[in-house]
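See structure below.
There are 2 protein chains.
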Amino acid sequence: MNLENTQVQMRKGILEFCILHIISRGEVYASDMLEELTSAKIMVVEGTLYPLLTRLRKAGLVEYKWVESTSGPPRKYYTITEEGLAFLNSLGLTWEELMNSTNQIISEKQS
Amino acid sequence: MNLENTQVQMRKGILEFCILHIISRGEVYASDMLEELTSAKIMVVEGTLYPLLTRLRKAGLVEYKWVESTSGPPRKYYTITEEGLAFLNSLGLTWEELMNSTNQIISEKQS
DNA sequence: ACTTAGTACTTGGCCATGCATAGTACTTGT
DNA sequence: ACAAGTACTATGCATGGCCAAGTACTAAGT
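From first to last, the protein sequence lines stand for chains A and B. Start counting the first sequence at 1; every next residue gets the next number (our numbering). Start counting the second sequence at 112; every next residue gets the next number (our numbering).
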């Protein structure tokens, strides 16, 4: 029951939401996402991101195509699917509700 | 990869935060917490709450005392400890940061 | 007295997910 | 050739929410 562990738990589910959103804005590959997540101070490592992308693809929420790179191996560029967009919308609502609920609770004063 | 599942994931970690906060506001027992969480639209069931309370107690973040009830079996009334208060403060910061980070990402427009 | 219903708490096992770690494959620079 | 950098893959672990079943105590009905 340490702080770091709880922080990890808080990120669960949110990550999926954030990544779907990033992909929905245009073609990106893994390193793009890592960069954006890091700049938003959401720490993510490869070992988390890649399996998640695989899950999203298997669920039909995203697709990818191989694109040759001028430096290094080819990259998987991801795009969101129709189904992914619908899912993203639902997640947006869920996030809104969760934020409201939590803020409602922590704004209650001592009774 | 269904919606309900992701909603569960999003709640992870947040729950701990919410419950600690509720306890910090005064003595409560499990049903009080369930009621408040439900009224804030955070769905929680017994099988989730009781193990969590046990974890919090083992970690020294909360304490409880048995109190006789006029109707039904005695109840465990929980209070927060010094250590729990400190932990709660850290979680508050973490929640703030997570909200900011997530909102930063989902507010980015199509590039 | 016995049964039924309601309340409070407990326990064991399942599953999804983030993460650590190690490994593969390709390209470029020296 | 070799090293370094980049991109992706695979395995196994720990955490924690949830389901389901169970225990224990009290109060009300007959």
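Glycine residues also receive a C-beta, built at the ideal position from the N, C-alpha and C atoms.
Closest in alpha carbon position to B/Asn116, among A/Leu85, A/Glu46, A/Thr94 and A/Tyr64, is A/Thr94. Counted as a single uninterrupted DSSP element, the beta strand (DSSP E) harbouring A/Val67 occupies residues Val62 to Val67.
For B/Lys187, the uninterrupted beta strand (DSSP E) segment begins and ends at Arg186 to Ile191. Contact annotation: in the segment 183 to 216 of chain B, residues whose CB is within less than 9 Å of a CB in chain A are Phe198, Ser201, Leu202, Gly203, Thr205, Trp206, Glu208, Leu209, Met210, Asn211, Ser212, Thr213, Asn214, Gln215 and Ile216.
Within the segment 166 to 177 of chain B, Arg166, Leu167, Lys169, Ala170, Gly171 and Leu172 place their CB atoms closer than 9 Å to a CB of chain A, listed in sequence order. For the segment 5 to 22 of chain A, the beta-carbon criterion of a distance under 8 Å to any beta-carbon of chain B is satisfied by Thr6, Gln7, Val8, Gln9, Met10, Arg11, Lys12, Gly13, Ile14, Glu16, Phe17, Cys18, His21 and Ile22. Closer than 8 Å to the CB of A/Glu108 there is at least one CB belonging to chain B.
Within the same chain, Val173, Tyr189 and Ile191 come within 6 Å of B/Ile134 by CB-CB distance, once the 5 residues on both sides are set aside. For B/Val119, DSSP assigns no beta-bridge partner whatsoever. A straight line joining the alpha-carbon of A/Arg75 with that of A/Val28 spans about 9 Å. Taking a beta-carbon distance threshold of 8 Å, B/Leu163 does not count as an interface residue toward chain A.
By the Cβ test, the segment 206 to 221 of chain B is not in contact with the segment 142 to 153 of chain B, since fewer than three Cβ pairs between them sit closer than 8 Å. Taking 8 Å as the cut-off, the Cβ atoms of A/Arg57 and A/Tyr50 do not count as close. The alpha-carbon separation between A/Ile106 and A/Gly72 amounts to approximately 48 Å. In the DSSP annotation of this structure, the continuous segment of the alpha helix (DSSP H) that includes A/Thr54 starts and ends at Glu46 to Lys58.
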